[in-house]
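Note sheet for the following structure.
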Amino acid sequence: MVAGLRAGARLPSTRSLTARFGASPVTVQQAVRALVREGLVESRPGAGNFVRHAQPAPRADYGWQTAALGAVGPHGALVGSTMQTPADDVIAMHSGYPSDDLLPVRAVQSALARAARSRSALDRPHASGLPELRSWFAQEVAEATASRGSAPTAADVVVMPGGQSALSSIFRALARPGESIVMESPSYWGAIAAARQAGLVVVPVPRAGDAVDPIVLTEVFERTRARLFYAMPHFANPTGSTWSPEQAAAVLDVVRENSAFLVEDDWAHDFAIDAVVRPVVANDTDGHVVYLRSLTKSISPAVRIAGVIARGPALSRIRADRVVDGLYVSGVLQTAALDVVTAPGWQPHLRRMRDQLRQRRDALTALISAGLPAGVLTAVPAGGLNLWLRLPPGITAAGVVAACAAEGLLISPGEEWFPAEAVGEFVRLNYSGPNPGRFSEAVGILAAQLH
Ligand SMILES: Cc1ncc(COP(=O)(O)O)c(C=O)c1O
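Just so we're aligned: the sequence shown equals residues 0 to 450 in numbering that gives the first Met the number 0.
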C-alpha cells in the first residue's frame with residue numbers, strides 16, 4: 000500500500016483504497032492500522048495518514064556485554080535441540096510432546112473455560128498447591144503402596160509448574176553448588192542441564208542392561224559422596240528401558256545405605272504400553288525417594304502442572320525453593336488439570352491413548368526393522384514416546400541429523416543425552432508427535448543416510 004510513495008506522501012483516502020483493491024472499508028482500515036503499528040505510516044488526526052520518513056535502522060553494539068559477562072558459566076548453551084520449533088511441513092520426530100490426537104483436547108478446553116469462570120481465576124492458591132490436586136497426586140502413589148502406613152498424603156506433595164521447573168527446584172534444594180549428582184547415562188538432557196545450572200557436577204553411571212549395576216552405583220556414591228541419584232525407572236528417556244522390581248529394590252537399598260536420595264522422574268507414567276508402572280516411591284518408608292510426576296505431556300503442553308512427593312526436611316527445602324522461585328503455581332492451571340484428571344472420561348481417554356501409542360510404536364518399529372540396517376533399533380520399549388537407535392559403524396549422529404533435517408526430517412542427536420562423552424553414535428526418534436502417515440517417508444529419509 001505504501002510501496003511507490005515517497006516519505007511524507009499522504010496515503011489515498013479509505014474510499015479510494017477500497018475501490019482500488021476491491022476490499023471492504025474495514026479491511027482497508029485494519030491494513031492502515033497495521034502499517035501504523037509497524038511504524039511505516041503516521042496517522043495525523045484531521046489531516047490523514049502519511050508515509051513516515053525512513054529512520055536509519057539503529058545499529059546497536061552489544062560488544063560491551065562480552066567484557067561485562069566474561070566466561071560462559073557451566074550452564075551456557077545447554078538447551079537441547081528438542082526445543083526447536085519446526086516449520087509446518089517438516090516431519091518432527093525430534094520433540095517430546097504428543098500430538099493433539101493423543102491429548103484430551105475437548106476436556107482440556109472445557110476445563111480451562113470452567114476454571115476461567117471460577118474463583119481460581121482470581122484467588123491466590125496455597126503456595127504448595129490446591130489441596131484437592133495434592134490429594135490426587137498422593138492418592139495415585141498411595142494406590143501402589145504396599146504398606147498403608149507409608150502411603151503419601153496431600154501434605155507430602157508440592158505442585159510445580161511442570162517437570163522441568165520441578166527438577167531445578169529439587170536439585171537446588173537438595174544439593175549445594177560443587178556437589179555431585181549421579182545420573183544414568185544416557186539421561187534426559189533437561190535434567191543434565193538443570194543440574195549443571197544448579198552448579199552440580201553430573202556423574203554418569205552406565206546401565207548394565209536395563210538398570211545400573213548396584214555395585215557400580217555403590218562405588219560411585221563412595222567415590223563422589225553424592226547425595227542425589229536422578230533416574231527414570233520406567234521407560235527412561237531416551238532409551239526406553241525399565242527397571243525390574245528386583246532392580247528397583249536393589250537400587251533403593253544402595254540409595255538407603257549411602258544416606259542418599261533417589262530423584263525418581265516418573266515422566267511417562269501415563270505412557271505405559273506393555274507394562275504397569277509401579278513407582279519406586281511406593282516402596283519408600285523413610286523419605287529416600289523424591290518423586291516427580293508431570294501432567295504436561297498427558298494433559299496438554301499448555302497446562303504446565305507437575306507434582307513432587309517428598310518427606311521430612313527435604314520436602315521443606317523443596318517447598319521453600321518453589322516459593323522463592325515463583326511464589327505459587329497459577330490456580331487456573333491447577334484447577335483445569337484437576338478437572339481433567341478427575342473427570343469420568345480420563346481413564347477411557349488414557350486407554351485409547353495407550354492403544355494409539357502402541358500402534359504408533361509398532362508401525363515405526365516395523366518400518367525400521369524392514370528398512371534400516373539390522374541392529375539399529377536398540378530395543379522395543381514397553382512404554383514412553385521414543386525409539387533409541389544406534390547408528391552403524393562409520394556413520395556419525397551429527398551428520399545424519401543434519402542430512403535428515405535438509406530432507407525435512409527432524410530427529411534428536413544422541414550426544415545431547417549423555418552427561419559425559421557419548422559412548423557411540425545414537426539418535427532418538429519420537430513416535431508421539433508426527434502424523435503416523437509420514438512414518439514411512441521418515442524411515443525412507445533415514446535409510447538413505449544409513450545404507
Ligand atoms: C524425562 C523428562 N522429565 C521431565 C521433563 C519435563 O517435562 P515438563 O516440564 O514438560 O513437565 C521432560 C520433558 O521432555 C522429560 O522428558
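Where is the CB? At the ideal position from N, CA and C, for every residue including glycine. Source: prediction; values computed, not measured.
* Asked: Should Q163 be listed as close to ligand 1, given that the test is whether its C-beta is under 7 angstroms from any heavy atom?
  -> Counting from one through the sequence shown, the residue named residue 163 turns up at place 164. Yes, Cβ of Q163 sits closer than 7 angstroms to a heavy atom of ligand 1.
* To do: My understanding is that R427 touches G413, with C-beta atoms under 8 angstroms, so please give their C-beta distance in whole angstroms.
  => Within the sequence shown, the letter at position 428 stands for residue 427. Within the sequence shown, the letter at position 414 stands for residue 413. 7 angstroms between Cβ atoms; contact.
* Nearest to A378 by alpha carbon, out of L371, G370, W387? -> Indexing the sequence shown from 1 puts residue 378 at position 379. It is W387.
* Which residue or residues does DSSP assign as beta-bridge partners of W387? -> For the purposes of this step, residue 387 is taken as residue 388 along the sequence shown, with counting starting at 1. Partner(s): R427.
* Asked: When the distance is taken between beta carbons, is A404 closer than 8 angstroms to Q448?
  -> As a working mapping, residue 448 is identified with position 449 in the sequence shown. As a working mapping, residue 404 is identified with position 405 in the sequence shown. No, these two residues do not count as a Cβ contact at 8 angstroms.
* **Nearest to G311 (by Cα), restricted to the options R321, T295, V288, S179** => As a working mapping, residue 311 is identified with position 312 in the sequence shown. Cα-wise, what sits closest to G311 is V288.
* In the DSSP assignment, find the alpha helix (DSSP H) that holds S493 and state where it starts and stops. => Since the first residue shown for the chain is 0 and the last is 450, residue 493 is missing from the structure and cannot be characterised.
* Short Cβ contact (8 angstroms threshold) for V156 with G306 -> For the purposes of this step, residue 156 is taken as the residue at position 157 of the sequence shown. For the purposes of this step, residue 306 is taken as the residue at position 307 of the sequence shown. With respect to G306, V156 sits close: the two C-beta atoms are nearer than 8 angstroms.
* What number of angstroms, rounded off, separates the C-alpha of V302 from the C-alpha of M82? -> If you number the sequence shown from 1, residue 302 lands on position 303. If you number the sequence shown from 1, residue 82 lands on position 83. Those two C-alpha atoms are separated by around 17 angstroms.
* Is R429 near ligand 1, with its Cβ less than 7 angstroms from a heavy atom? -> As a working note, residue 429 is residue 430 in the sequence shown. Per the sequence shown, the amino acid found at residue 429 is Asn instead of Arg. Distances taken from the Cβ of N429 to the heavy atoms of ligand 1 include none shorter than 7 angstroms.
* Output the distance between the C-alpha atoms of V254 and A267, rounded to the nearest integer angstrom. => Counted from its first residue, the sequence shown places residue 254 at position 255. Counted from its first residue, the sequence shown places residue 267 at position 268. If you draw a straight line from the Cα of V254 to the Cα of A267, it is about 22 angstroms long.
* Who are the near neighbours of A309 in its chain, counting only those whose CB is closer than 6 angstroms to its CB and skipping five residues on each side? -> Against the sequence shown, residue 309 aligns to sequence position 310. The answer, listed in chain order, is V289, I317.
* Count the C-beta pairs between the segment 243-262 and the segment 343-362 that are closer than 8 angstroms, then say yes if the count reaches three, no if not. => With a cut-off of 8 angstroms, the segment 343-362 and the segment 243-262 do not count as touching, because too few Cβ pairs lie within range.
* To do: For F20, count neighbouring Cβ atoms within 10 angstroms of its own Cβ and tell me buried if that reaches 16, exposed if not.
  => Start at 1 with the first residue of the sequence shown, and residue 20 comes out as number 21. With fewer than 16 Cβ atoms within 10 Å of its Cβ, F20 is classed as exposed.
* With DSSP as the reference, label L409 as helix, strand or coil. => Translated into the one-based positions of the sequence shown, residue 409 becomes position 410. Three-state DSSP puts L409 in a strand.
* From what residue to what residue does the alpha helix (DSSP H) around R292 run? -> Walking along the sequence shown from the start, residue 292 turns up at place 293. For R292, there is no enclosing alpha helix (DSSP H); the enclosing beta strand (DSSP E) has its first and last residue at 288-293.
* Asked: What residues in its chain sit with their C-beta under 8 angstroms from that of G344, if we drop five residues either side in the sequence?
  -> Taking the first residue of the sequence shown as position 1, residue 344 is located at position 345. The beta carbon of G344 is closer than 8 angstroms to those of P103, A106 in its chain, skipping five residues each way along the sequence.
* Determine, using beta-carbon pairs with one atom in the segment 3-10 and one in the segment 40-55, whether at least three such pairs fall under 8 angstroms. => These segments touch.
* Tell me whether T295 counts as near ligand 1, meaning its Cβ is closer than 7 angstroms to at least one heavy atom of that ligand. => Taking the sequence shown and counting its residues from 1, one reaches residue 295 at position 296. Flag set: Cβ of T295 near ligand 1.
* Any chance the CB of W345 is under 7 angstroms from a heavy atom of ligand 1? -> As a first step, residue 345 must be located in the sequence shown, where it is residue number 346. Incorrect: W345 has no Cβ contact closer than 7 angstroms to ligand 1.
* May I ask which residues mark the beginning and end of the beta strand (DSSP E) holding F260? => As a first step, residue 260 must be located in the sequence shown, where it is residue number 261. For F260, the enclosing beta strand (DSSP E) begins and ends at 260-264.
* Do you know whose CA, among V400, A120, D265, E139, lies nearest A165's CA? -> Locating residue 165 in the sequence shown gives position 166, where the first residue counts as 1. Looking only at V400, A120, D265, E139, the smallest Cα-Cα distance to A165 is reached by D265.
* Asked: What does a CB cutoff of less than 7 angstroms around T341 pick up in its chain, not counting 5 residues either side in sequence?
  -> Translated into positions along the sequence shown, residue 341 becomes position 342. Take T341, set aside five residues on each side of it, and the residues of its chain with a beta-carbon closer than 7 angstroms to its own are W135, in chain order.
* Ends of the alpha helix (DSSP H) at S299? -> Here residue 299 refers to the residue found at position 300 of the sequence shown. Counting along the chain, S299 falls outside any alpha helix (DSSP H), and DSSP gives it neither H nor E.
* Any idea if N434 is buried or exposed, counting beta-carbon neighbours within 10 angstroms, 16 or more meaning buried? -> Translated into the one-based positions of the sequence shown, residue 434 becomes position 435. Its Cβ having fewer than 16 others within 10 Å, N434 is exposed.
* To do: Measure how close the beta-carbons of L216 and V262 come, nearest whole angstrom, since I'm counting them as under 8 angstroms.
  => Here residue 216 is taken as the residue at index 217 of the sequence shown, counted from 1. Here residue 262 is taken as the residue at index 263 of the sequence shown, counted from 1. Not quite, the Cβ-Cβ distance comes to about 14 angstroms (not below 8 angstroms), so this is no contact.
* Asked: Measuring CB to CB, does A235 end up less than 8 angstroms from V202?
  -> Locating residue 235 in the sequence shown gives position 236, where the first residue counts as 1. Locating residue 202 in the sequence shown gives position 203, where the first residue counts as 1. No, Cβ-Cβ distance for A235 and V202 is not below 8 angstroms.
* Please state whether DSSP places S186 in a helix, a strand or coil. => Taking the sequence shown and counting its residues from 1, one reaches residue 186 at position 187. In the three-state DSSP reduction, S186 falls in the coil class, being neither helix nor strand.
* To do: Could you name the residues of the same chain whose beta carbon sits closer than 6 angstroms to that of S299, not counting the 5 residues immediately before and after it, in chain order?
  => The residue given as residue 299 occupies position 300 in the sequence shown. Within the same chain, S299 has close Cβ partners L102, V107.
* Mind reading off the beta-carbon distance from L438 to L363? Whole number of angstroms is fine, and I expect it under 8 angstroms. => By 1-based counting over the sequence shown, the position of residue 438 is 439. By 1-based counting over the sequence shown, the position of residue 363 is 364. It is Phe, not Leu, that sits at residue 438 in the sequence shown. That pair is a contact at about 5 angstroms.
* By how many angstroms is the C-alpha of V140 removed from the C-alpha of S149? -> Counting from 1 along the sequence shown, the entry for residue 149 is found at position 150. Counting from 1 along the sequence shown, the entry for residue 140 is found at position 141. When rounded, the distance between both Cα atoms is 10 angstroms.
* Asked: Between the C-alpha atoms of F220 and V323, what's the straight-line distance to the nearest angstrom?
  -> Here residue 220 refers to the residue found at position 221 of the sequence shown. Here residue 323 refers to the residue found at position 324 of the sequence shown. F220 and V323 have their C-alpha atoms roughly 30 angstroms apart.
* Asked: In terms of alpha-carbon separation, which member of Q346, P130, F417 lies closest to R195?
  -> Within the sequence shown, the letter at position 196 stands for residue 195. Ranking Q346, P130, F417 by Cα distance to R195 puts F417 first.
* To do: From the DSSP output, read off the bridge partner residues of A150.
  => Translated into the one-based positions of the sequence shown, residue 150 becomes position 151. A150 is not bridged to any residue.
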